[in-house]
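>
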Amino acid sequence: MTAISGKVSTDSASGGIRLGGKVLHPLWLRERVTEAHALDSISHQRLYQTAELDPDLMVENVLISENRKQLSLQFSDGYQAELNLAEIAIELGLAQNPESIPLPKSWQSSLEFKRFSWNDLDDPNEMKALLTAYFENAFCIMDGTPTDQDSLKQHARRFGFLRATNFGELFNVETKPAATDLAYTDAALASHTDNPYRWPVPSIQYLHCIANGVEGGLSTLVDGMAVANTIAEENQDWADILESTPVRFRYDGPTGIYEDTAPLIARDYRGYVNHIRFSPRLDFVPALDPETLTIFYAARRRMHELANDLAFQIQFPFKPGTLLMMNNYRLFHGRTAFNGKQGYRHLQGCYIDHDGPQCLYRMLAIGNTDTHVRRET
Ligand SMILES: [Fe+2]
2 MTAISGKVST DSASGGIRLG GKVLHPLWLR ERVTEAHALD SISHQRLYQT AELDPDLMVE
62 NVLISENRKQ LSLQFSDGYQ AELNLAEIAI ELGLAQNPES IPLPKSWQSS LEFKRFSWND
122 LDDPNEMKAL LTAYFENAFC IMDGTPTDQD SLKQHARRFG FLRATNFGEL FNVETKPAAT
182 DLAYTDAALA SHTDNPYRWP VPSIQYLHCI ANGVEGGLST LVDGMAVANT IAEENQDWAD
242 ILESTPVRFR YDGPTGIYED TAPLIARDYR GYVNHIRFSP RLDFVPALDP ETLTIFYAAR
302 RRMHELANDL AFQIQFPFKP GTLLMMNNYR LFHGRTAFNG KQGYRHLQGC YIDHDGPQCL
362 YRMLAIGNTD THVRRET
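Residue numbers (the working numbering): 2 to 378.
1) Out of GLY161, THR295, PRO147, which has the shortest C-alpha to C-alpha gap to THR323?
2) Could you tell me the boundaries of the alpha helix (DSSP H) in which GLU61 lies?
3) Could you compute how far the alpha carbon of GLN150 sits from the alpha carbon of ALA87?
4) With DSSP collapsed to three states, give me the class of GLN359.
5) Determine which residues share a DSSP beta bridge with ILE315 and list them.
6) At a cut-off of 8 Å, is LEU283 close to ligand 1 when judged by its beta-carbon and the heavy atoms of the ligand?
7) Tell me whether ASP124 is buried or exposed, calling it buried when 16 or more other Cβ atoms sit within 10 Å of its Cβ.
8) Would you say ARG69 faces chain C, with C-beta separation under 9 Å as the test?
9) If you draw a straight line from the alpha carbon of SER15 to that of ASP55, how long is it in whole angstroms?
10) For a quick check, are the C-beta atoms of ASP354 and PHE162 less than 9 Å apart?
11) Does ligand 1 have even one heavy atom less than 8 Å from the beta-carbon of ALA184?
12) Distance, Cα to Cα, THR133 vs LYS342?
13) Suppose you measure from the CA of ILE277 to the CA of ARG331; what does that come to, to the nearest Å?
14) Can you name the start and end residues of the alpha helix (DSSP H) that ALA134 belongs to?
15) For HIS334, is the beta carbon positioned less than 8 Å from some heavy atom of ligand 1?
16) Name the one or two DSSP bridge partners that TYR352 has.
17) Would you say MET304 and LEU365 are within 9 Å of each other, going by their C-beta atoms?
18) Would you mind working out which of SER111, ILE142, TRP108 sits nearest SER118, comparing C-alpha positions?
19) Specify the secondary structure class of GLU88 as computed by DSSP and reduced to three states.
20) With a threshold of 8 Å (Cβ to nearest heavy atom), would HIS193 be considered close to ligand 1?
21) For the beta strand (DSSP E) holding PHE339, just list the boundary residues, first then last.
22) Measure how close the beta-carbons of VAL228 and LEU307 come, nearest whole angstrom, since I'm counting them as under 8 Å.
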């Protein structure tokens with residue numbers, strides 16, 4: 002049985018069918034054919050051009066099998082197709098899709114979250130739990146990782162493929178003279194997102210603690226979705242201007258110039274906040290009329306206040322072996338100050354794309370037990 006109940010019939014107006022309370026277009030149905038001659042057996046890519054299908058195609062006859070697992074379709078060009086009703090039900094939103102990525106959940110400082118043990122992540126259920134926490138909260142923390150220099154590359158590759166930048170595949174966050182970024186000093190870092198001047202902006206950031214001999218230097222995280230939604234509740238004009246004003250972000254470094262222009266807050270097609278860009282040392286708003294800019298500056302000031310408000314923030318220390326994985330498109334991150342003369346503090350960082358953890362989650366969701374993203378050879 003499937004989640005689609007009731008009768009099926011052809012629909013003369015559209016040339017398609019009526020099923021599950023919906024009218025389905027004949028071309029939509031035809032593009033879901035999965036028979037061997039239509040799809041490559043390995044990649045499952047179509048072996049034909051959808052643009053070459055008859056634009057006036059119609060379904061002339063339709064039947065549901067007795068066990069309600071198959072849909073038999075006779076098309077006007079003579080093609081006979083068998084579609085899997087369970088797959089159609091998922092596409093119509095009438096059945097749960099096990100591959101669906103968990104939805105984001107807005108959080109504030111009261112968030113209770115689990116820290117995961119690196120050694121437990123060979124268990125597919127534990128890895129799935131970690132990924133679920135990551136998708137909901139936009140971060141997760143692992144303890145007990147090996148702390149060899151550069152071992153972060155191996156840790157991050159478990160979840161995806163490294164995104165190199167002009168700072169290299171890895172960057173070192175340690176106090177050093179003539180620092181090219183405030184991150185490399187012992188100063189506090191206000192809430193920000195990384196590298197909004199890049200195109201594309203690095204997606205997921207890892208921070209891996211190799212050594213920490215100082216007090217303070219706590220890592221801070223704030224949910225950009227909570228901040229954006231709070232601003233929208235407080236003042237819709239502020240939300241609108243932050244979501245529509247194109248701001249230029251620019252990094253003018255010793256070996257290159259990186260620049261991109263985008264609003265501070267973006268949402269996806271569902272309305273979820275899906276990209277926060279916030280780096281007040283690197284942003285340049287256009288010379289809009291003073292009235293508009295006054296609203297923009299008030300909105301950006303409020304964004305800064307909320308992003309640094311303790312009511313929205315969680316703080317945690319880095320111990321050797323701690324590995325933080327965070328969504329740089331959703332979270333603000335920062336750091337409390339510390340005294341660099343007190344001891345040596347060394348974190349390494351790197352980036353991967355969003356699709357790696359999503360791929361790993363889907364593979365686990367369909368029953369795969371490998372807890373690593375794999376390259377195709
Ligand atoms: Fe940063």
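The beta-carbon is built from N, C-alpha and C at its ideal position, and this holds for glycine as well.
Concretely, from the data shown:
1) As a position in the sequence shown, residue 323 is number 322, starting the count at 1. THR323 has its Cα closest to that of PRO147, out of GLY161, THR295, PRO147.
2) The residue given as residue 61 occupies position 60 in the sequence shown. GLU61 -> not in any alpha helix (DSSP H); beta strand (DSSP E) instead, spanning 60-65.
3) Residue numbering aside, residue 150 sits at position 149 when the sequence shown is read from its first letter. Residue numbering aside, residue 87 sits at position 86 when the sequence shown is read from its first letter. Each residue's Cα considered, the two are about 49 Å apart.
4) Translated into positions along the sequence shown, residue 359 becomes position 358. Three-state result, GLN359: helix.
5) In the sequence shown, the residue the question calls residue 315 occupies position 314. LEU222, per the DSSP bridge assignment.
6) Locating residue 283 in the sequence shown gives position 282, where the first residue counts as 1. Checking the Cβ of LEU283 against ligand 1 gives no.
7) Here residue 124 refers to the residue found at position 123 when the sequence shown is read from its first residue. Exposed is the call here.
8) Absent here is chain C; the protein component of the structure consists of one chain.
9) On the sequence shown, residue 15 is found 14 positions in, with the first residue counted as 1. On the sequence shown, residue 55 is found 54 positions in, with the first residue counted as 1. The straight-line gap from Cα to Cα measures roughly 14 Å.
10) On the sequence shown, residue 354 is found 353 positions in, with the first residue counted as 1. On the sequence shown, residue 162 is found 161 positions in, with the first residue counted as 1. Their beta carbons are under 9 Å apart, which means ASP354 touches PHE162 by this criterion.
11) Your numbering for residue 184 matches position 183 in the sequence shown. True, at least one ligand heavy atom lies under 8 Å from that Cβ.
12) Working through the sequence shown from its first residue, we reach residue 133 at position 132. Working through the sequence shown from its first residue, we reach residue 342 at position 341. One C-alpha to the other measures close to 39 Å.
13) In the sequence shown, the residue the question calls residue 277 occupies position 276. In the sequence shown, the residue the question calls residue 331 occupies position 330. Looking at the two C-alpha atoms, the distance is approximately 6 Å.
14) The residue you call residue 134 lines up with position 133 of the sequence shown. ALA134 -> alpha helix (DSSP H) spans 125-138.
15) Translated into the one-based positions of the sequence shown, residue 334 becomes position 333. Correct: HIS334 has its Cβ closer than 8 Å to ligand 1.
16) The residue given as residue 352 occupies position 351 in the sequence shown. According to DSSP, which records beta bridges pairwise, TYR352 is partnered with GLN206.
17) Mapped onto the sequence shown, residue 304 falls at position 303. Mapped onto the sequence shown, residue 365 falls at position 364. Contact flag unset, no.
18) The sequence position of residue 118 within the sequence shown is 117, counting from 1. Per the Cα distances, ILE142.
19) As a first step, residue 88 must be located in the sequence shown, where it is residue number 87. Residue state, collapsed to three classes: helix.
20) The sequence position of residue 193 within the sequence shown is 192, counting from 1. True, at least one ligand heavy atom lies under 8 Å from that Cβ.
21) Your numbering for residue 339 matches position 338 in the sequence shown. That residue, PHE339, is in no beta strand (DSSP E); it is neither H nor E in DSSP.
22) Here residue 228 is taken as the residue at index 227 of the sequence shown, counted from 1. Here residue 307 is taken as the residue at index 306 of the sequence shown, counted from 1. That pair is a contact at about 4 Å.
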